[in-house]
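Participant: Residue numbers (the numbering used here): 1 to 516.
(1) My output table needs one value for residue 95: the three-state DSSP class, helix, strand or coil.
(2) Residue 509 and residue 482: beta carbons closer than 8 Å?
(3) Just verifying my parser: in three-state terms, what is the DSSP assignment at residue 105?
(4) State the Cα-Cα distance for the pair residue 332 and residue 421, rounded to the nearest angstrom.
(5) What number of angstroms, rounded off, separates the C-alpha of residue 175 from the C-alpha of residue 251?
(6) Just to confirm before moving on: does the CB-CB distance between residue 78 and residue 85 stay below 8 Å?
(7) Decide if residue 303 is buried, meaning its Cβ has at least 16 other Cβ atoms within 10 Å, or exposed.
(8) Count the C-beta pairs between the segment 57-64 and the segment 319-330 that are closer than 8 Å, then say yes if the count reaches three, no if not.
(9) For residue 157, count the other beta carbons within 10 Å of its own beta carbon; 16 or more makes it buried, fewer makes it exposed. Which is it?
(10) Rank 216, 426, 452, 285 by C-alpha distance to the C-alpha of residue 108 and give the top, closest one.
(11) Taking C-beta to C-beta, are residue 300 and residue 496 nearer than 8 Å?
(12) Mind pulling the alpha helix (DSSP H) runs of 4 or more residues that sit fully within the segment 231-304?
(13) Could you say if the segment 196-206 and the segment 232-244 meet the contact criterion of at least three C-beta pairs nearer than 8 Å?
(14) How would you call residue 289, buried or exposed, if buried means at least 16 neighbouring beta carbons within 10 angstroms?
(15) Among residues of its own chain, excluding the 5 on either side of residue 2, which ones have a beta-carbon nearer than 6 Å to its beta-carbon?
(16) Sort 516, 101, 423, 111 by Cα distance to residue 394 and report the nearest one.
(17) Checking the sheet assignment: what are the DSSP bridge partners for residue 333?
(18) Would you kindly report the start and end of the unbroken beta strand (DSSP E) that includes residue 374?
(19) I need the straight-line Cα distance from residue 492 to residue 336, nearest angstrom please.
(20) Look up residue 451 in the DSSP assignment and say whether it is helix, strand or coil.
(21) At which residues does the alpha helix (DSSP H) containing residue 181 begin and terminate?
(22) Exposed or buried, which one is residue 494 when buried takes at least 16 other CB atoms within 10 Å?
(23) Scan the segment 398-484 and note each continuous beta strand (DSSP E) run of 3 residues or more that stays entirely inside, going in chain order.
(24) Determine the DSSP secondary structure at residue 311, reduced to helix, strand or coil.
(25) For residue 460 and residue 487, which I take to be in contact (beta-carbon distance under 8 Å), what is that distance rounded to the nearest angstrom?
(26) Please name the residue in 97, 266, 69 whose C-alpha comes closest to that of residue 82.
(27) By DSSP, does residue 192 sit in helix, in strand, or in coil?
(28) Measure the C-alpha to C-alpha separation of residue 134 and residue 313 and round it to an integer number of angstroms.
(29) Taking the alpha-carbon of residue 142 as reference, which of 154, 381, 180, 131 has the nearest alpha-carbon?
(30) Look at the Cβ atom of residue 374, then the Cβ atom of residue 384, and state whether they are nearer than 8 Å.
(31) What are the boundary residues of the alpha helix (DSSP H) that residue 342 is part of?
(32) For residue 267 and residue 405, what's the separation of their Cα atoms in angstroms?
Take a look at the structure:
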């Protein structure tokens, strides 16, 4: 893809041409396409739910994942850390927005896609975004849900059935009292005290975290990860309840699910009443080593907002899926993510345990409601005071869009970061941060920006590009079930729980059609 996202399809093809010039024949598909009934593209929250629910219904599926497996080991060295970053931190790119040095090119856990107007982050690997997110699982209020979806989906149905099922799948729990009271989480208590002083009524969020493992980190019997703010590229202790170890593991245990790693889908083409899914299988350098093809009766797109949107926009505009609506590739947004860092409070380093845990909501903001979620800020100010990081979320129009370039066979993303809606979102967050500073004399804002988003949403918005249960308009048996469905914002909450709930709902409806 374009920008700093890593190896584009054109670069892969250039490599093939170079090989031919050296007398090496280009790689071709190995024989006939493998016939499968159901293909799932992506292994994050949505793909894992699909694999499990289909297996429970007695249906076999193949899951295609572009990244690697990341098994937790007793040695505690699965993932790169901020103390020792390497290629495992970045998806096929020597660059990362979180480090200053150049990295070796490797299929690491986090893609940083350089869009026009924002850097969009996406997980890469078996488990998808659950490997690298802050593990906060929040159900939106009815007002927030309706701001995001309008009347397209009934909140009561989602709340009573699908959110409840999502919680049972993920198993989130709030930070226990003993962990919260520990030295490692001094910053969490500081965030609680300062937002309380500002009248924001903070609370402990449900987290996809194994708190017993966190206790073992504290006791020194597990690799220190969450307690020392080392989880952005995965938790080496295994404290994150990522879906590769929960939902997808349960699906694989049925014997009905096959996961193919390092396999990137490049095109989907109708073929004899089915779909020919063309792929590139890569090695640890990103080089293509095979081009497998699958013939599938049903295809579930679960590659996340970036992955699914780019794939479908390219398929439509190069003529593979020409009947897709013009709205495919539109309605994208950043969940109005704003990164904030405040300083001037009492010293709280190195006590920045994470990955998060405390939520404070400003529903009386003069611009838009704002939610603040604490996150570790491991770099202490030089003056000896403390620092508190927080991710702020509000509402913003879904004005982002994807564009296909036939000359490069590539898809770019544009986010109008200076639109009136985006500027209003920044005003809203600024007002909340100023309110917290005013209630805590001596504190000030060190950083407030919107240059990066970890919550990429939209691109195949339900009710516009597909039905409200994810069926793509223009084709039978093609389903979108991931964060692409959400119109740019979850209206002040992280989207992971909603993505899981929506995927479960979409797959349930698809099962009625598949099983007749």
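Every residue, glycine too, gets a C-beta built ideally from N, C-alpha and C.
Facilitator: Concretely, from the data shown:
(1) Correct three-state label for residue 95: coil.
(2) Remark: C-beta atoms of residue 509 and residue 482 do not approach each other more closely than 8 Å.
(3) In the three-state reduction of the DSSP assignment, residue 105 falls in the coil class.
(4) Each residue's alpha carbon lies about 13 Å from the other.
(5) Residue 175 and residue 251 have their alpha carbons spaced roughly 28 Å apart.
(6) Cβ distance not < 8 Å, so residue 78 and residue 85 don't count as in contact.
(7) Around the beta carbon of residue 303, 16 or more other beta carbons sit within 10 angstroms, so the residue counts as buried.
(8) With the cut-off at 8 Å, the segment 57-64 and the segment 319-330 do not touch.
(9) With fewer than 16 other Cβ atoms within 10 Å, it is exposed.
(10) Comparing Cα positions, the closest option is 285.
(11) No. Outside cutoff.
(12) Counting whole runs of 4 or more residues, the segment 231-304 contains the alpha helix (DSSP H) stretches 247-253.
(13) Under the Cβ criterion (8 Å, minimum of three pairs), the segment 196-206 does not count as touching the segment 232-244.
(14) Exposed: under 16 other Cβ atoms inside 10 Å.
(15) Bear in mind that a pLDDT of 40 at residue 2, under 50, signals an unreliable position, so the model cannot answer this.
(16) Relative to the Cα of residue 394, the nearest Cα in the group 516, 101, 423, 111 belongs to 423.
(17) Beta-bridge pairing links residue 333 to 457.
(18) First-last of the beta strand (DSSP E) with residue 374: 370-375.
(19) Answer to the nearest angstrom: the Cα atoms are 8 Å apart.
(20) Coil at residue 451, not helix or strand.
(21) Segment: none, residue 181 is in no alpha helix (DSSP H) and carries neither H nor E.
(22) That one is buried.
(23) Inside the segment 398-484, DSSP marks whole beta strand (DSSP E) runs of 3 or more residues at positions 401-405, 410-414, 444-449, 457-459, 478-480, from first to last along the chain.
(24) Shown here, residue 311 sits in a helix according to DSSP, grouped into three states.
(25) The pair is not a contact, with the Cβ atoms about 10 Å apart (cut-off 8 Å).
(26) Sorting 97, 266, 69 by C-alpha distance to the C-alpha of residue 82 places 97 at the top.
(27) Helix, per DSSP.
(28) Those two C-alpha atoms are separated by around 29 Å.
(29) Nearest C-alpha to residue 142 among 154, 381, 180, 131: 154.
(30) 8 Å or more divides the Cβ of residue 374 from the Cβ of residue 384.
(31) Residue 342 -> not in any alpha helix (DSSP H); beta strand (DSSP E) instead, spanning 338-343.
(32) Between the alpha carbons of residue 267 and residue 405 lies a distance of about 15 Å.
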